[in-house]
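Asker: Dropping a structure here in structure tokens format, bear with me for questions.
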Amino acid sequence: MSSATVAPPVPQRAPSVPLGDALLERIRAWSYYRTADAANRRDLRLDLLRGFCIFAMVVDHFGGDSWLYAITGGNRFYVSAAEGFIFISGFVMGQAYHAKSQRSGLTPAMLDALRRARTLYLATVALTLIFSALYLYTDLTLWTGRDFGLGIDSLQEIAVAALTLHYTYHGTDILALYTLLILVAPLLLLLEYTGNAYWLLAISWLWWLGYQIYPEEASVPWYIRHGENFPIAAWQVLFVTGHVLGFSRERWSEWLRTFRRLRVVMVALGIAVTLGLISLAWGAENGFFDIDPNVLNESFFKVPLRPARLVAFLSVAIVAYTSATYLWYPLKRVLGWLMLPLGQAALYSYIVHFFLILLVYNLAPMVAALPWTPSEEVFTPIFQSAVVLLLWLLVKRRVLFGVIPN
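Now the structure itself:
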């Protein structure tokens, strides 16, 4: 009986996946929504971005030459970390207190906001008094030159002015602004809760517009000495807009999901404007563009938040949030260990960084006396990085968390 030879079965090749589709799927796998972090009650993307704002403020408050300013903007770019800090604070507060009002009712949410304002008020007054006393009674080097002066020579007058938020030390001005904004947060909650968010936005933006045209007449509630860099009439628009968007986040998110093409257009415009701003900054600094610096400075003037600066902030914010969403996995792996703790303890980080900078400023002469003194380009980024890492360590160790607001 003859036997036939049977050929072995040929394995079928799996259908090849186009390279473009494979790359797209890999990018999708990096998305925030594909990770377990999306189930977290906190939006960790906002913590990451707020942590970067803290990092940028710490670096920018040093002064001197540093290559880190290419990352942070050096407080010379057309948008700064301060705008992001105020906007994110309003957004997070609106979202958090919306959830609290749904769980416990409007009154507990409003009372909680007032307690938050009290904490900020005490922190602002304490820092103002501490650094004013250091100026008056010590020879320590502070981050503002002593020739700048306090504007008030009597500690008693400083105490009264600080307690009534008529005076801040350089650096605590943004905390005074933040305190006043949180103080009116219960009113914001009431208007949002009763369906008057659009009226709230209209009032906020009209107030900002009035300040652009008639700054003296629109300055409310009062003049704060050394608080000129953050006039509440202008800067409230970031906090209030963020607060309204945070309070109504689910509705706005649903609206954006419905109009997907609009979302794509917004991201594309944000990227285009951001790249344009980077090119403009580089070209203006290197003389590539024949543009009057005074025109640029006025168009993007930080103090009154000129319209061009708000457009710059909107564009950078769109790019930053989109990047944190769709590049979440690599961003968290590379930066999350540093930015997330700083962002989750933002108030603590902001307060403590003043004392760390004070320490560095008074150690700098000792370093300068060493036989080998590094150049400023080497010295400054080393100390900036050291302060950021020390601040991160203090947050991780929860040093004085029971004393310093966090």
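Quick note: the sequence shown uses this note's numbering, first residue 1248, plus one each step.
Where is the CB? At the ideal position from N, CA and C, for every residue including glycine.
#1: Please classify Arg1275: does DSSP put it in a helix, a strand, or coil?
#2: Inspect the CB distances between the stretch 1480–1499 and the stretch 1534–1544 and report whether three or more fall short of 8 Å.
#3: Judging by CA-CA distance, which residue of Leu1358, Ser1348, Thr1391, His1413 is the nearest neighbour of Arg1372?
#4: To which residues of the same chain is Leu1438 closer than 6 Å at the C-beta, ignoring the five residues directly before and after it?
#5: The alpha helix (DSSP H) that contains Phe1486, what's its start and end?
#6: Nearest-angstrom Cα distance between Leu1578 and Gly1396?
#7: Do you know how far the Cα of Ile1405 is from the Cα of Ser1521?
#8: So for Arg1472, helix, strand or coil by DSSP?
#9: What is the DSSP secondary structure of Tyr1368, counted as helix, strand or coil?
#10: Go through its chain and collect everything with a Cβ distance to Lys1643's Cβ below 7 Å, but skip five positions before and after it.
#11: Whether or not the stretch 1629–1638 and the stretch 1345–1354 are in contact is what I'm after, with contact meaning three or more pairs of Cβ atoms, one per stretch, closer than 8 Å; do they touch?
#12: Taking the alpha carbon of Pro1462 as the reference point, which residue from Ala1370, Arg1472, Pro1478, Ile1450 has its own alpha carbon closest?
#13: Identify which residue in Ser1336, Thr1441, Val1512 has its Cα closest to the Cα of Leu1428.
#14: Just to confirm before moving on: does the CB-CB distance between Arg1652 and Tyr1595 stay below 8 Å?
#15: How close, in whole Å, do the beta carbons of Val1339 and Leu1293 come, if the pair is a contact with beta carbons under 8 Å?
#16: Residues in the same chain with beta-carbon distance under 8 Å from Phe1548, minus the five sequence neighbours each way, listed in chain order, please.
#17: Can you find a C-beta in chain B that's less than 8 Å from the C-beta of Tyr1382?
#18: Let me know the alpha helix (DSSP H) ranges lying completely inside the stretch 1559–1592, each 4 residues or longer, listed in chain order.
#19: According to DSSP, is Tyr1414 part of a helix, a strand, or is it coil?
#20: For Arg1363, which residues from the same chain have a beta carbon less than 6 Å from its beta carbon, with the 5 sequence-adjacent residues on both sides left out?
#21: Quick one: grab the DSSP three-state call for Tyr1425.
#22: Quick one: using the 10 Å Cβ neighbour count with 16 as the cut-off for buried, is Ile1565 buried or exposed?
#23: Using only the alpha-carbon positions, how far apart do Ser1466 and Leu1424 sit?
#24: Could you check which residue in Tyr1280, Phe1299, Ser1313, Thr1282 has the C-alpha nearest to that of Val1625?
#25: Output needed for Ser1249: all residues of its chain with C-beta closer than 8 Å, excluding positions within five of it in sequence on either side, in chain order.
#26: So for Lys1549, helix, strand or coil by DSSP?
#27: Can you give the Cα-Cα distance for Ala1409 and Thr1426, rounded to whole angstroms?
#28: If I'm right that Val1634 touches His1600 with Cβ under 8 Å, what's the distance once you round it to whole angstroms?
#29: Looking at Thr1282 and Trp1575, is the spacing between their C-beta atoms short of 8 Å?
#30: Might you give, ordered along the chain, the residues of its own chain that have their beta carbon closer than 8 Å to the beta carbon of Ala1531, omitting 5 neighbours on each side?
#31: Check Tyr1325 in the structure and name its three-state DSSP category.
#32: Hey, out of Leu1606, Thr1441, Ser1570, Gln1459, whose CA is closest to Ser1546's CA?
#33: Starting from the C-beta of Arg1553, find all residues in its chain whose C-beta is less than 8 Å away, skip the five residues before and the five after it, and write them out in chain order.
#34: Since Tyr1325 contacts Leu1524 with CB under 8 Å, what's their CB separation in whole angstroms?
#35: According to DSSP, is Leu1397 helix, strand or coil?
#36: Assign Tyr1461 to one of three DSSP states: helix, strand, or coil.
Answerer: Quick answer:
#1: Within the sequence shown, the letter at position 28 stands for residue 1275. It is helical.
#2: no
#3: Translated into positions along the sequence shown, residue 1372 becomes position 125. For the sequence presented, residue 1372 should be read as Val rather than Arg. Closest by alpha carbon: His1413.
#4: Here the question's residue 1438 lines up with position 191 in the sequence shown. Leu1447, listed in sequence order.
#5: Locating residue 1486 in the sequence shown gives position 239, counting from the first residue. Per DSSP, Phe1486 belongs to the alpha helix (DSSP H) from 1479–1494.
#6: In the sequence shown, counting from the first residue as 1, residue 1578 sits at position 331. In the sequence shown, counting from the first residue as 1, residue 1396 sits at position 149. Their backbone Cα atoms lie some 43 Å apart in a straight line.
#7: As a first step, residue 1521 is located in the sequence shown; it is residue number 274 there, counting from the start. As a first step, residue 1405 is located in the sequence shown; it is residue number 158 there, counting from the start. Looking at the sequence shown, residue 1521 is not Ser but Thr. Cα-Cα distance, rounded: 42 Å.
#8: To locate residue 1472, count along the sequence shown from 1; it is residue 225. Arg1472: strand per DSSP, three-state reduction.
#9: Along the sequence shown, read from residue 1 onward, the residue named residue 1368 stands at position 121. Correct three-state label for Tyr1368: helix.
#10: Residue mapping note: residue 1643 aligns to position 396 of the sequence shown, counting from 1. Contacts found: Pro1588.
#11: no
#12: Residue numbering aside, residue 1462 sits at position 215 when the sequence shown is read from its first letter. Of the listed residues, the one whose Cα sits closest to Pro1462 is Pro1478.
#13: On the sequence shown, residue 1428 is found 181 positions in, with the first residue counted as 1. Checked all of Ser1336, Thr1441, Val1512; the closest Cα to Leu1428 is Ser1336.
#14: Reading the sequence shown from its first residue, position 405 is the one you call residue 1652. Reading the sequence shown from its first residue, position 348 is the one you call residue 1595. Note on residue identity: the sequence assigns Pro, not Arg, to residue 1652. The answer is yes: Cβ separation under 8 Å.
#15: Looking up residue 1339 in the sequence shown gives position 92. Looking up residue 1293 in the sequence shown gives position 46. Their Cβ separation, rounded to whole angstroms, is 6 Å, which keeps Val1339 and Leu1293 in contact under 8 Å.
#16: The residue you call residue 1548 lines up with position 301 of the sequence shown. Cβ within range, chain order: Arg1556.
#17: Protein chain content of the structure displayed is limited to a single chain, and chain B is not contained in it.
#18: 1575–1578, 1584–1591
#19: The sequence position of residue 1414 within the sequence shown is 167, counting from 1. In the structure shown, Tyr1414 sits in a strand (DSSP, three-state: E or B).
#20: Looking up residue 1363 in the sequence shown gives position 116. Result list for Arg1363: Ile1429, in chain order.
#21: Position 178 of the sequence shown, counting from 1, holds the residue named residue 1425. In this structure, Tyr1425 counts as helix in the three-state DSSP scheme.
#22: Numbered from its first residue, the sequence shown carries residue 1565 at position 318. Burial call: buried.
#23: For the purposes of this step, residue 1466 is identified with residue 219 of the sequence shown, where counting begins at 1. For the purposes of this step, residue 1424 is identified with residue 177 of the sequence shown, where counting begins at 1. About 13 Å.
#24: To locate residue 1625, count along the sequence shown from 1; it is residue 378. Val1625 has its Cα closest to that of Ser1313, out of Tyr1280, Phe1299, Ser1313, Thr1282.
#25: Along the sequence shown, read from residue 1 onward, the residue named residue 1249 stands at position 2. Only weak support exists for where Ser1249 lies, its pLDDT of 49 falling under 50; the coordinates are left without a value.
#26: Indexing the sequence shown from 1 puts residue 1549 at position 302. If DSSP states are grouped into helix, strand and coil, Lys1549 belongs with coil.
#27: The count along the sequence shown starts at 1 and reaches residue 1409 at position 162. The count along the sequence shown starts at 1 and reaches residue 1426 at position 179. One C-alpha to the other measures close to 13 Å.
#28: As a first step, residue 1634 must be located in the sequence shown, where it is residue number 387. As a first step, residue 1600 must be located in the sequence shown, where it is residue number 353. With a Cβ gap of about 7 Å, Val1634 and His1600 count as contacting.
#29: By one-based count along the sequence shown, residue 1575 stands at place 328. By one-based count along the sequence shown, residue 1282 stands at place 35. Yes, these two residues count as a Cβ contact at 8 Å.
#30: In the sequence shown, the residue the question calls residue 1531 occupies position 284. Excluding positions up to five away in sequence, the list reads Ile1538, Pro1540, Leu1543.
#31: Reading the sequence shown from its first residue, position 78 is the one you call residue 1325. Three-state DSSP puts Tyr1325 in coil, outside helix and strand.
#32: Against the sequence shown, residue 1546 aligns to sequence position 299. Looking at the Cα atoms, Gln1459 is the closest of the given residues.
#33: Here the question's residue 1553 lines up with position 306 in the sequence shown. The residues are Gln1459, Glu1545, Ser1546, Phe1547.
#34: As a working note, residue 1325 is residue 78 in the sequence shown. As a working note, residue 1524 is residue 277 in the sequence shown. Correct: roughly 5 Å between the Cβ atoms.
#35: Counting from one through the sequence shown, the residue named residue 1397 turns up at place 150. Of the three classes helix, strand and coil, the one that applies to Leu1397 here is coil, per DSSP.
#36: Within the sequence shown, residue 1461 is the residue found at index 214, counting from 1. Reduced to three states, the DSSP call for Tyr1461 is coil.
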